[in-house]
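Peer 1: Supplied in structure tokens, the structure appears directly below.
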Amino acid sequence: MKKIIAITLISALFSCQQTTAPEDNSLAEARQAIAASNAIYFESFAKGDSSIFIDRYAEDACIMAPGTPALCGKDAPLTFFRKAYHDIGLRNGKFITTDVFGDGKEYVTEIGRWQSFDADGKLFDDGKFLVLWKKTAKGWKMFRDSFSSNRNQ
């Protein structure tokens, strides 16, 4: 009887380990996709190519920039890109991801810091961000993008 209980407990232990491994792999996949997306995000501004920027976002995304109402829906990324490029003069930037968490199945959350540079390569703004990423048929896309400046403007 003791052998049956021991075998049952060992089997349960191994089955628990097997069910958690895919979650870890899913989160690792999400982290990798986020890093790849972030690596080319600011290329859109350096090249003046809104299509690169737009492709980072889900079609039902919301961009929640400081001091302005949220921009939501399919046209939100283009509207934001135009404002940032033409009105603000954003030409490059950098994301520093500090954490990505979640189950990696449908949504994950990324937190970190960002920096914005003008056409002369001068840092003109920096802050923090919180992004909810959504797994879509086209891969991991930004679903809710919220950020704020560390500077008084």
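In full-length UniProt numbering, the protein residues as written are 1 to 153.
Even for Gly, the Cβ is constructed at its ideal location relative to N, Cα and C.
Which of the three DSSP states is assigned to residue 47 in this structure?
Peer 2: Residue 47 falls in the helix class under three-state DSSP.
Peer 1: How many Å lie between residue 104 and residue 37 at the Cα?
Peer 2: Going from the Cα of residue 104 to the Cα of residue 37 covers about 16 Å.
Peer 1: CB residue 84 to CB residue 78, shorter than 8 Å?
Peer 2: Result no, Cβ atoms of residue 84 and residue 78 do not sit closer than 8 Å.
Peer 1: Within 8 Å, do at least three Cβ pairs link the region 90–101 to the region 118–134?
Peer 2: Yes, the region 118–134 touches the region 90–101.
Peer 1: I want to know whether the region 45–52 touches the region 135–151 - three or more CB-CB distances under 8 Å.
Peer 2: The region 45–52 is not in contact with the region 135–151.
Peer 1: Which term fits residue 80, buried or exposed, when burial requires 16 or more other beta carbons within 10 angstroms of its beta carbon?
Peer 2: Burial call: buried.
Peer 1: Just tell me which of 152, 102, 46, 117 has its CA closest to the CA of residue 111.
Peer 2: It is 102.
Peer 1: Just to check my reading of the structure: residue 129 and residue 140 have Cβ atoms closer than 8 Å, yes? What is that Cβ distance to the nearest angstrom?
Peer 2: Their Cβ separation, rounded to whole angstroms, is 16 Å, which puts residue 129 and residue 140 out of contact at 8 Å.
Peer 1: How should residue 34 be labelled, buried or exposed, when 16 other C-beta atoms within 10 angstroms of its C-beta is the threshold for buried?
Peer 2: The residue is buried, with at least 16 neighbouring Cβ atoms inside 10 Å.
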